[in-house]
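Protein chains in written order, with the working numbering: chain C, 259 to 460; chain R, 259 to 460; chain Y, 259 to 460; chain V, 259 to 460.
Every residue, glycine too, gets a C-beta built ideally from N, C-alpha and C.
Below is one structure, written out as structure tokens; the observations come after it.
Number of protein chains: 4
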Amino acid sequence: MSPRIVNKQAKKEAIIQKATEVISAKGIYSFKMSDVADAADVGKGTLYEYFKDKEELVTACYVYFLDSFIDIADSVDLKNSARANLRSYISVLFKHFSKNIDSVHIAFDFWSQALQSSDNRQYVKLMTKAYNDFVAVLIRIIKDGIKKGEFRAIDVEKYAAAIVGMLDGILFQGVMGINDITDAKWPRVISNMILNGLSKTG
Amino acid sequence: MSPRIVNKQAKKEAIIQKATEVISAKGIYSFKMSDVADAADVGKGTLYEYFKDKEELVTACYVYFLDSFIDIADSVDLKNSARANLRSYISVLFKHFSKNIDSVHIAFDFWSQALQSSDNRQYVKLMTKAYNDFVAVLIRIIKDGIKKGEFRAIDVEKYAAAIVGMLDGILFQGVMGINDITDAKWPRVISNMILNGLSKTG
Amino acid sequence: MSPRIVNKQAKKEAIIQKATEVISAKGIYSFKMSDVADAADVGKGTLYEYFKDKEELVTACYVYFLDSFIDIADSVDLKNSARANLRSYISVLFKHFSKNIDSVHIAFDFWSQALQSSDNRQYVKLMTKAYNDFVAVLIRIIKDGIKKGEFRAIDVEKYAAAIVGMLDGILFQGVMGINDITDAKWPRVISNMILNGLSKTG
Amino acid sequence: MSPRIVNKQAKKEAIIQKATEVISAKGIYSFKMSDVADAADVGKGTLYEYFKDKEELVTACYVYFLDSFIDIADSVDLKNSARANLRSYISVLFKHFSKNIDSVHIAFDFWSQALQSSDNRQYVKLMTKAYNDFVAVLIRIIKDGIKKGEFRAIDVEKYAAAIVGMLDGILFQGVMGINDITDAKWPRVISNMILNGLSKTG
DNA sequence: TATGAATGAGCCTTCATTCAT
DNA sequence: AATGAATGAAGGCTCATTCAT
Chain C
259 MSPRIVNKQA KKEAIIQKAT EVISAKGIYS FKMSDVADAA DVGKGTLYEY
309 FKDKEELVTA CYVYFLDSFI DIADSVDLKN SARANLRSYI SVLFKHFSKN
359 IDSVHIAFDF WSQALQSSDN RQYVKLMTKA YNDFVAVLIR IIKDGIKKGE
409 FRAIDVEKYA AAIVGMLDGI LFQGVMGIND ITDAKWPRVI SNMILNGLSK
459 TG
Chain R
259 MSPRIVNKQA KKEAIIQKAT EVISAKGIYS FKMSDVADAA DVGKGTLYEY
309 FKDKEELVTA CYVYFLDSFI DIADSVDLKN SARANLRSYI SVLFKHFSKN
359 IDSVHIAFDF WSQALQSSDN RQYVKLMTKA YNDFVAVLIR IIKDGIKKGE
409 FRAIDVEKYA AAIVGMLDGI LFQGVMGIND ITDAKWPRVI SNMILNGLSK
459 TG
Chain Y
259 MSPRIVNKQA KKEAIIQKAT EVISAKGIYS FKMSDVADAA DVGKGTLYEY
309 FKDKEELVTA CYVYFLDSFI DIADSVDLKN SARANLRSYI SVLFKHFSKN
359 IDSVHIAFDF WSQALQSSDN RQYVKLMTKA YNDFVAVLIR IIKDGIKKGE
409 FRAIDVEKYA AAIVGMLDGI LFQGVMGIND ITDAKWPRVI SNMILNGLSK
459 TG
Chain V
259 MSPRIVNKQA KKEAIIQKAT EVISAKGIYS FKMSDVADAA DVGKGTLYEY
309 FKDKEELVTA CYVYFLDSFI DIADSVDLKN SARANLRSYI SVLFKHFSKN
359 IDSVHIAFDF WSQALQSSDN RQYVKLMTKA YNDFVAVLIR IIKDGIKKGE
409 FRAIDVEKYA AAIVGMLDGI LFQGVMGIND ITDAKWPRVI SNMILNGLSK
459 TG
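Here it is, written out as structure tokens:
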């Protein structure tokens, strides 16, 4: 009665993972559906069983990528000193990105695509949300530090944005091969820099 | 007696400027040669009189864009205190980018394209050079500050990279519409943050 | 003991009926096998248990459609006056088509397909036979009328063809929405026109 | 200054003519753009210089076909007796169609396509207009005949529609190979039939 | 027997590039 | 030197058909 039994969800994820590799390697604009089909070892037509069109596949890859960050934001708590919390957060981020440098490729691609107006508002929305999640965690940590008397009362929003921007920028340099983000010294250097900027006593 | 005296170099630059507008608006991957021809008010075939192919046109636009930064790097001197020099540099950068937010679009596009391996090594090289120019200026300022006893002796290279990354990241947020980089408070906030991180006395 | 007794012939007919609906709605060139599978509430693969390929399914639908006309031709007899017989035949046809305007759609579709040479000789044959059946009935009635002295001795074949053509044309106009073939006046108008053309006394 | 000088309108017409042949031969649903490109001896891309997409090419062919009828309708006047005018009109039509039997193919294809709902309303409109033009001419002739006392006062609209339907139907039979519309006897037979139906004296 | 997931041939359409004028 | 008509390679997507279950 029933033909080939397939876990469609699992297969969809498998395709997404292969597609992410392909997009990371060839670029969001240059990769071909046939590249993905080959990488995932399925026929071209099969891709369209799981994704309406190329764009839907790309979006799925991006969402899948964003989902991988949820855990990081959730892993932060405010039990310890604000200084320790911030060091911990920075450290976790560097570890995560060091391990997933490939998927960062695709993120920059998405953001680049998001820059082109009108059509890609959805990308912007998704990306903005991810960005805000990062910023929100930092804001929580910094405000907690101010409340605890560890940090000076600075412009929290701008500081948080600047910190995320800095991490983003360093990550970008890593992707570009300008510096080596797997260098274990990074978290300490960056944390120090931020904490010095925040310290009451300097 | 010559039937039509045309300054080929001037016309080439005119095309580059129009092409830059087109690329900024449509994106480095989506713009068409015909878009450029229309914008520059020349025939499609004419473009090929000035540029071997699409890639050469794109590269020319990127180089033209990079050249616009040379002045900024050159404008920095070390006559004043390191703190003042750094504030001045940050301030100049924000002013420049606020005025040329459109051309930043294209930079991110180039960098995104540069991420795709093999073929685009040239872009990476060009971009790396531009990045290094920025970093070099900061390194000069910071080292000068250390020598003058204004700054602590920190990991200069990483600090400089982090600062450029931060500026890059904030700029990116501006392009994405996440924050407003024309806000006049940015230079002071960022300068303070950096200087606090560098200060001996805090 | 047999696990599932299925009347294959009945199921085949059920599929044909659903397929006819689908073809009528979507058009002979635009309908998809999956449309039929959905409409008939069977799997796509199942269709191929009953029909070798799409073409065989289409042909089966057409034959099924043609069969519905056999009764009409058979219902005609020559007991009454030729004038009455012709009026009766015209009237029956209009009633039949008024009730089955939907299936006329499919007929025109078949004919349209039949127009494409080479491959579809079979359609032409089937259609020609149906056409000839209609014409034959008219020829019988007219010849009967001539024999009975009611009609003039005209070119029977051409007259019959013209009459069928006229009915066909009016039907087509009805399908196209140009006129309303359910208007009860049609049979009388058409019969009068034909009979005036055939009358000895005018 | 100016490249290849081409009469774009003439070339467009040439493509339309070749496309009409192709569509007539292969069918409106089965022909491929590459068929047309081959027939017109141009590259596939060239077709898209003249027509936005396949549908626009098809529509252009149809409109071109319809335009060929305008002259016929215009050629009718009411100077002579209504009987003579009608004979003349019928005769002109048969001559025209005999010469252009190929383009009739495409007309039936259009009409068939027009039958499929929603999307093809434009075809229906174009076709309805053409149909009405034919009917209008007949109505003029018949009304003129009634006024002149040559014809009986019958339901003019239905008569006219029936006559056009008849011509349409016979034409269809011709296209289908069921009868030979180039047979010179047709105009006389049909005219007689119609005139007998219209005559006061029979 | 029934199914629907998988497939890939095939077709429309785009666009960088060429070249006759 | 300048042009834009012409081109065809390339790639996204559809859908009839197959076949493992």
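Between the beta-carbon of residue i and the beta-carbon of residue j, is there less than 8 Å?
i: residue 300 of chain V; j: residue 280 of chain V; result: no
i: residue 291 of chain R; j: residue 284 of chain R; result: no
i: residue 354 of chain V; j: residue 330 of chain V; result: yes
i: residue 400 of chain R; j: residue 414 of chain R; result: yes
i: residue 402 of chain Y; j: residue 336 of chain Y; result: yes
i: residue 270 of chain V; j: residue 320 of chain V; result: no
i: residue 422 of chain V; j: residue 389 of chain V; result: yes
i: residue 367 of chain V; j: residue 439 of chain V; result: no
Taking the C-alpha atoms as reference points, what is the distance between residue i and residue j?
i: residue 310 of chain Y; j: residue 304 of chain Y; result: 11 Å
i: residue 430 of chain C; j: residue 343 of chain R; result: 26 Å
i: residue 324 of chain Y; j: residue 424 of chain V; result: 22 Å
i: residue 341 of chain V; j: residue 306 of chain Y; result: 59 Å
i: residue 375 of chain R; j: residue 449 of chain R; result: Below a pLDDT of 50, predicted positions are generally treated as unreliable, and residue 375 of chain R, at 49, falls in that range; no measurement from the model is reported.
i: residue 317 of chain R; j: residue 371 of chain C; result: 19 Å
i: residue 349 of chain C; j: residue 332 of chain C; result: 15 Å
i: residue 457 of chain R; j: residue 417 of chain R; result: 13 Å
i: residue 358 of chain R; j: residue 455 of chain C; result: 29 Å
i: residue 361 of chain V; j: residue 278 of chain V; result: 7 Å
i: residue 273 of chain V; j: residue 264 of chain V; result: 14 Å
i: residue 384 of chain Y; j: residue 297 of chain V; result: 32 Å
i: residue 346 of chain R; j: residue 392 of chain R; result: 14 Å
i: residue 397 of chain C; j: residue 427 of chain C; result: 19 Å
i: residue 339 of chain R; j: residue 352 of chain R; result: 20 Å
i: residue 412 of chain Y; j: residue 442 of chain V; result: 16 Å
i: residue 315 of chain V; j: residue 369 of chain V; result: 16 Å
Taking 8 Å as the CB-CB limit, is residue i close to chain Y?
i: residue 322 of chain V; result: no
i: residue 416 of chain V; result: yes
i: residue 358 of chain V; result: no
i: residue 349 of chain V; result: no
i: residue 376 of chain V; result: Because residue 376 of chain V sits at a pLDDT of 49, beneath the cut-off of 50, its placement in the model cannot be relied upon, and the following sentence gives the value as read from the coordinates. No, residue 376 of chain V lies away from the interface with chain Y (no Cβ there is under 8 Å from its Cβ).
i: residue 436 of chain V; result: yes
i: residue 291 of chain V; result: no
i: residue 303 of chain V; result: no
i: residue 328 of chain V; result: no
i: residue 311 of chain V; result: no
i: residue 422 of chain V; result: yes
Residue i: buried (16+ other C-beta within 10 angstroms of its C-beta) or exposed?
i: residue 408 of chain C; result: buried
i: residue 267 of chain C; result: exposed
i: residue 282 of chain V; result: buried
i: residue 437 of chain R; result: buried
i: residue 387 of chain V; result: exposed
i: residue 419 of chain V; result: buried
i: residue 435 of chain C; result: exposed
i: residue 328 of chain Y; result: exposed
i: residue 276 of chain C; result: buried
i: residue 394 of chain Y; result: exposed
Nearest chain R C-beta to residue i closer than 8 Å, yes or no?
i: residue 370 of chain C; result: yes
i: residue 430 of chain C; result: yes
i: residue 427 of chain C; result: yes
i: residue 460 of chain C; result: Because the pLDDT at residue 460 of chain C is just 44, under 50, the model does not fix this residue reliably, and the point stays unresolved.
Using a C-beta cutoff of 8 Å, does residue i count as contacting chain V?
i: residue 382 of chain Y; result: yes
i: residue 389 of chain Y; result: yes
i: residue 419 of chain Y; result: yes
Check whether the Cβ of residue i lies closer than 8 Å to any Cβ atom in chain C.
i: residue 317 of chain R; result: no
i: residue 355 of chain R; result: no
i: residue 274 of chain R; result: no
i: residue 439 of chain R; result: no
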